[in-house]
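Please read the structure below before turning to the comments.
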Amino acid sequence: MKILTEHIDVQGIETIDVFRKNGGYAAVEKALKKMTPDEVTEEVKKSGLRGRGGAGFPMGMKWSFLAKPEGVPRYLVCNADESEPGTFKDHYLMMKSPHTLIEGMIVSSYALGANTSYIYIRGELMYVATILEKAIQEAKDKGLLGKNILGSGYDLELYVQLGGGAYICGEETALLESLEGKRGNPRNKPPFPAVKGLWQCPTVVNNVESIAATSWIVNNGGDEYAKIGIGRSTGTKLISVSGHVRKPGVYELPLGITVEDFIYADEWCGGIRDGHKLKAVVAGGSSVPILPAELILKTTNGENRLMSYESLSDGGFATGTMLGSGGFVVMDETTCIVHNTLTFGRFYHHESCGQCSPCREGTGWMDKVLHRIEHGKGRQEDIDLLVDVAKKIEGNTICPLGDAAAWPVAAAIRHFRDEFEWHINHPEKATAKGAVFMREGASWSL
Amino acid sequence: MKVTIDNITIDVEPGTTIMNAARQIGPHIAPPAMCYYEPLKASGGKCRGCLVKVTAGSEKDPRPMPKLVPSCITQVQDGMIVENTINEQVLETRKGIVEFLLLNHPLDCPVCDQAGECHLQDFSFEHGVSKTRTVEERNTFEPVDLGPYIKLNMNRCILCYRCVFTADQITDGRVHGVMHRGDHAEISTYIEKAIDNDFSGNVIDVCPVGALTDKTYRFKSRVWFSKPEEASCSCGKCSGKVTLWYRGDEVIRVTARKNEWGEVKEFICNTCRFERKKTSDWTLEGPTKIARNSVISANKYGASTITPAFPLKQAAEQYKQIDDNRDRSFLAPKKQLN
Numbered sequence: 002m003k004i005l006t007e008h009i010d011v012q013g014i015e016t017i018d019v020f021r022k023n024g025g026y027a028a029v030e031k032a033l034k035k036m037t038p039d040e041v042t043e044e045v046k047k048s049g050l051r052g053r054g055g056a057g058f059p060m061g062m063k064w065s066f067l068a069k070p071e072g073v074p075r076y077l078v079c080n081a082d083e084s085e086p087g088t089f090k091d092h093y094l095m096m097k098s099p100h101t102l103i104e105g106m107i108v109s110s111y112a113l114g115a116n117t118s119y120i121y122i123r124g125e126l127m128y129v130a131t132i133l134e135k136a137i138q139e140a141k142d143k144g145l146l147g148k149n150i151l152g153s154g155y156d157l158e159l160y161v162q163l164g165g166g167a168y169i170c171g172e173e174t175a176l177l178e179s180l181e182g183k184r185g186n187p188r189n190k191p192p193f194p195a196v197k198g199l200w201q202c203p204t205v206v207n208n209v210e211s212i213a214a215t216s217w218i219v220n221n222g223g224d225e226y227a228k229i230g231i232g233r234s235t236g237t238k239l240i241s242v243s244g245h246v247r248k249p250g251v252y253e254l255p256l257g258i259t260v261e262d263f264i265y266a267d268e269w270c271g272g273i274r275d276g277h278k279l280k281a282v283v284a285g286g287s288s289v290p291i292l293p294a295e296l297i298l299k300t301t302n303g304e305n306r307l308m309s310y311e312s313l314s315d316g317g318f319a320t321g322t323m324l325g326s327g328g329f330v331v332m333d334e335t336t337c338i339v340h341n342t343l344t345f346g347r348f349y350h351h352e353s354c355g356q357c358s359p360c361r362e363g364t365g366w367m368d369k370v371l372h373r374i375e376h377g378k379g380r381q382e383d384i385d386l387l388v389d390v391a392k393k394i395e396g397n398t399i400c401p402l403g404d405a406a407a408w409p410v411a412a413a414i415r416h417f418r419d420e421f422e423w424h425i426n427h428p429e430k431a432t433a434k435g436a437v438f439m440r441e442g443a444s445w446s447l
Numbered sequence: 010m011k012v013t014i015d016n017i018t019i020d021v022e023p024g025t026t027i028m029n030a031a032r033q034i035g036p037h038i039a040p041p042a043m044c045y046y047e048p049l050k051a052s053g054g055k056c057r058g059c060l061v062k063v064t065a066g067s068e069k070d071p072r073p074m075p076k077l078v079p080s081c082i083t084q085v086q087d088g089m090i091v092e093n094t095i096n097e098q099v100l101e102t103r104k105g106i107v108e109f110l111l112l113n114h115p116l117d118c119p120v121c122d123q124a125g126e127c128h129l130q131d132f133s134f135e136h137g138v139s140k141t142r143t144v145e146e147r148n149t150f151e152p153v154d155l156g157p158y159i160k161l162n163m164n165r166c167i168l169c170y171r172c173v174f175t176a177d178q179i180t181d182g183r184v185h186g187v188m189h190r191g192d193h194a195e196i197s198t199y200i201e202k203a204i205d206n207d208f209s210g211n212v213i214d215v216c217p218v219g220a221l222t223d224k225t226y227r228f229k230s231r232v233w234f235s236k237p238e239e240a241s242c243s244c245g246k247c248s249g250k251v252t253l254w255y256r257g258d259e260v261i262r263v264t265a266r267k268n269e270w271g272e273v274k275e276f277i278c279n280t281c282r283f284e285r286k287k288t289s290d291w292t293l294e295g296p297t298k299i300a301r302n303s304v305i306s307a308n309k310y311g312a313s314t315i316t317p318a319f320p321l322k323q324a325a326e327q328y329k330q331i332d333d334n335r336d337r338s339f340l341a342p343k344k345q346l347n
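Chains as they are written, first to last, in our numbering: chain B, 2 to 447; chain Y, 10 to 347.
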């Protein structure tokens with residue numbers, strides 16, 4: 002079952018003619034000519050589509066929170082900043098099939114009553130911005146954007162805005178600040194963007210994948226969409242797979258297949274690279290807790306873990322993780338978890354905006370301590386120190402970056418404490434090139 | 010609107026923040042404010058020192074708030090119940106915040122002009138722990154001259170953004186801001202441009218730490234050796250209401266007048282602050298009132314002291330009653346003094 006990537010391999014799908022031949026822009030015609038904005042919103046609500054950026058908040062509900070005061074413009078902003086390490090699905094979608102996003106933007110803007118919409122894209126993806134701008138121009142030439150779209154009387158201007166390349170600008174309020182031309186510092190909430198967003202006007206910020214999915218929902222109905230998937234995890238999800246699997250890449254899968262299938266089936270990742278065993282998985286981008294092989298395949302109840310919001314978070318943070326943004330990083334037994342945690346820690350240290358003190362100082366502190374442990378200068382008390390620092394950052398910051406920095410460190414220590422201890426107790430061995438601690442009896446030890 | 014903070018109920022105007030409601034009750038209840046500054050719009054929410062626990066959101070929706078909330082920017086709801094000094098989680102988090110703020114702080118109080126009137130000193134004295142857990146090297150910056158009057162020592166800065174808001178809101182044109190991000194962020198004028206503006210000196214007053222100091226006062230005296238006197242002059246640019254800091258007969262420093270929360274009452278111009286340093290320039294109005302617990306009141310100049318003011322007599326009585334029954338068993342037992 003493919004929704005977003007159904008025609009992605011068609012030659013020339015990035016041009017509007019080929020895209021329309023493959024059923025493109027049917028949703029725009031249907032929505033603008035036959036449906037009212039409220040009907041579109043209702044379909045999205047029925048579909049149960051959840052935000053694909055990471056938090057998984059129901060999109061229809063987010064739309065219904067949008068304040069609609071008279072005489073105040075409303076905005077739709079597409080968050081294409083995608084900077085989570087391990088996640089590259091939006092990048093792939095926009096690069097291969099820009100019109101999928103633009104079609105979704107038109108439908109969503111119509112539903113929200115926005116006459117100006119923005120695609121905020123990360124600075125490093127300059128060439129994708131060029132592709133999008135070309136596609137927007139094509140759509141304009143065909144009368145699908147601009148004044149009086151398809152004679153329906155609805156106007157929409159769509160702009161692409163490049164960011165400076167900061168992870169923090171993927172946080173919605175920091176994104177809005179950056180879009181306004183300011184320093185990308187997250188805002189204090191409340192007020193939420195749905196009430197006071199871009200230029201203090203009501204604004205909805207949605208992920209590329211969520212917006213792209215709306216056109217299929219309009220075409221086929223929300224109920225059809227809700228049939229795909231499992232439970233409250235409806236529809237399909239793009240998963241970006243990287244790491245030690247045979248076939249890394251972007252996969253679109255119906256939510257609800259088992260993790261074991263996803264990793265080992267030939268249809269998907271094709272298993273771990275030859276002669277190696279699965280050690281750990283980061284299931285939803287660098288900020289979600291890492292899980293060891295036995296916990297990612299089965300929950301503590303012995304059930305198979307599924308690729309869905311609920312199943313992956315089964316067991317809370319003690320034995321579960323999150324689907325997050327779908328950055329699926331697979332590690333085999335040659336991976337040193339301490340080194341991996343240091344890499345994540347260094348990233349968050351570098352990307353913290355520096356506005357609130359727990360995140361600014363805490364990420365730097367964790368990075369320095371992890372660096373010491375990795376380089377054979379750790380102390381026994383450092384492990385508990387890391388856990389405590391992570392705990393003091395978590396939940397006390399302005400935006401979720403603090404949590405995102407704290408979770409991977411706390412989870413790595415929770416599940417791989419022996420590896421940290423081995424680094425501290427055997428500094429000479431641990432600093433040798435390629436050295437990895439093998440836990441006796443663990444499924445991944447050779 | 011009725012709000013209950015640490016078991017004391019107070020009636021406040023709609024739109025009041027938890028911080029200001031707590032301040033109306035009294036200084037012993039008010040959460041610490043490192044970045045919040047009432048005269049400056051949009052300040053607050055950054056240092057996280059004022060986080061409090063809301064155990065009941067409002068009369069209508071009495072669910073507790075899941076996370077600790079910053080009291081300086083969270084508005085009260087009718088029937089809200091807040092725990093500040095009686096909540097273990099709040100005090101534990103505050104310990105963490107002090108630790109974070111001091112992580113890259115040089116702790117050079119013995120040579121810092123701000124010592125004695127430094128909010129970070131007060132904060133760490135009240136909420137911090139005496140032992141450090143860090144062995145890491147601190148991030149350091151070189152001190153920078155921002156024009157003829159202001160010295161910037163970035164090592165001490167806690168990035169409260171107060172000086173940025175001050176420059177935005179009371180001067181015509183801001184030339185400094187925050188550069189870079191994370192713990193390498195710094196206050197800067199980009200290419201060491203001088204801050205040259207009639208009201209630029211106010212950034213010194215709003216700085217909670219010794220990051221921005223007065224070059225005309227630098228290393229002249231410890232705060233507690235000087236004697237504050239209220240004075241005024243007829244200045245065309247500002248209100249002319251200032252505090253003169255005397256050492257002997259010499260005016261060693263001029264600052265704006267501050268209220269009991271350390272916030273400037275009326276911003277003053279640079280002429281008053283840096284150039285009028287003779288008693289003959291001023292009309293004296295008597296000694297400045299200094300809080301009894303302040304180190305400044307330790308001097309022997311006879312400045313009258315303030316006793317904690319209770320706007321609501323009832324609240325004061327209520328507080329006394331409750332104070333004895335508080336559960337403080339989770340706090341470390343205090344050492345007996347012999």
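The beta carbon of each residue, even a glycine, is placed where N, CA and C say it ideally should be.
- Unbroken beta strand (DSSP E) runs of no fewer than 3 residues, entirely contained in the segment 125 to 206 of chain Y, are found at 153 to 155, 159 to 161, 186 to 188 and 195 to 197, following chain order.
- Burial of Asp333/B is indicated by the presence of at least 16 other C-beta atoms within 10 angstroms of its C-beta.
- In the three-state reduction of the DSSP assignment, Leu49/Y falls in the coil class, being assigned neither a helical nor a strand state.
- If you draw a straight line from the Cα of Asp262/B to the Cα of Glu195/Y, it comes to about 49 Å.
- Here the alpha carbon of Ala412/B sits roughly 26 Å from the alpha carbon of Asn208/B.
- In the three-state reduction of the DSSP assignment, Gln201/B falls in the helix class, which pools H, G and I.
- Within the same chain, Cβ atoms closer than 6 Å to the Cβ of His8/B are found at Ile14 and Asn23, the five residues on either side in sequence being excluded.
- No Cβ-Cβ contact shorter than 9 Å links Tyr76/B with Tyr111/B.
- Using a 10 angstroms sphere on the CB of Gly53/Y, the tally of other CB atoms reaches 16 or more, which defines it as buried.
- Cys56/Y belongs to the set of residues whose beta carbon lies under 9 Å from a beta carbon in chain B.
- At a cut-off of 3 residues, the continuous stretches assigned as beta strand (DSSP E) that sit fully inside the segment 296 to 363 of chain B are 328 to 333.
- If you ignore the 5 residues before and after Arg165/Y, its C-beta comes within less than 6 Å of the C-beta of Val218, Gly219 and Ala220, all in its own chain and listed in chain order.
- At a cut-off of 9 Å, the C-beta of Ala194/Y has a neighbouring C-beta in chain B.
- Remark: fewer than three beta-carbon pairs, one from each stretch, lie closer than 8 Å, so the segment 96 to 103 of chain Y and the segment 144 to 153 of chain Y are not flagged as touching.
- Out of Leu253/Y, Val12/Y, Val78/Y and Ile17/Y, the CA that lies nearest to the CA of Pro23/Y is found in Val12/Y.
- Not a single CB atom of chain Y sits nearer than 9 Å to the CB of Leu343/B.
- Counting C-beta pairs closer than 8 Å gives fewer than three between the segment 195 to 203 of chain B and the segment 86 to 96 of chain B, which falls short of the contact rule.
- Neighbourhood of His351/B in chain Y, by CB distance below 7 Å: Gly191, in chain order.
- Asn96/Y counts as buried, since no fewer than 16 other beta carbons sit within 10 angstroms of its beta carbon.
- Secondary-structure assignment with DSSP links Gly147/B through a beta bridge to Leu157/B.
- Excluding sequence positions up to five before and after Ile297/B, its CB lies within less than 7 Å of the CB of Val260, Val282, Ala284 and Arg306, all in the same chain and listed in chain order.
- For the pair Arg282/Y and Glu275/Y, the CB atoms are not nearer than the 9 Å cut-off.
- In this structure, DSSP gives Val388/B a helical state, which the three-state scheme calls helix.
- Against chain Y, the beta carbon of Arg361/B has neighbours under 8 Å at Phe109, Leu168, Gly191, Asp192 and Ala194, listed in chain order.
- If the five residues before and after Lys246/Y are omitted, its C-beta is found closer than 7 Å to the C-beta atoms of Asp207, Cys278 and Thr280, all from its own chain and listed in chain order.
- Secondary structure at Arg415/B: helix, using DSSP grouped into helix, strand and coil.
- In the DSSP assignment, Glu83/B falls outside any beta strand (DSSP E) and carries neither an H nor an E.
- Distance from the Cα of Ser209/Y is smallest, within the candidate group Tyr158/Y, Arg262/Y and Val187/Y, for Tyr158/Y.
- Nearest in C-alpha terms to Lys369/B, of all of Asp383/B, Pro359/B and Pro70/B, is Asp383/B.
- Chain order gives the chain Y residues near Cys357/B as Gly54, Lys55, Cys56 and Arg57, where near means a beta carbon separation below 8 Å.
- Against chain B, the beta carbon of Thr94/Y has no neighbour under 8 Å; the closest one sits roughly 18 Å away.
- Residues of the segment 386 to 411 of chain B with a C-beta atom less than 9 Å from some C-beta of chain Y are Leu386, Asp389, Val390, Lys392, Lys393, Ile394, Gly396, Asn397, Thr398 and Ile399, listed in chain order.
- Straight-line spacing of the CA atoms in Asp131/Y and Glu422/B works out to 38 Å.
- With distances taken between CA atoms, Tyr168/B lies nearest to Ala406/B out of Ala406/B, Gly435/B and Arg415/B.
- Residue Gly355/B holds the alpha-carbon nearest to the alpha-carbon of Val187/Y among Gly355/B, Ser288/B, Gly250/B and Arg123/B.
- Per DSSP, the continuous alpha helix (DSSP H) segment holding Lys430/B begins and ends at Pro428 to Ala431.
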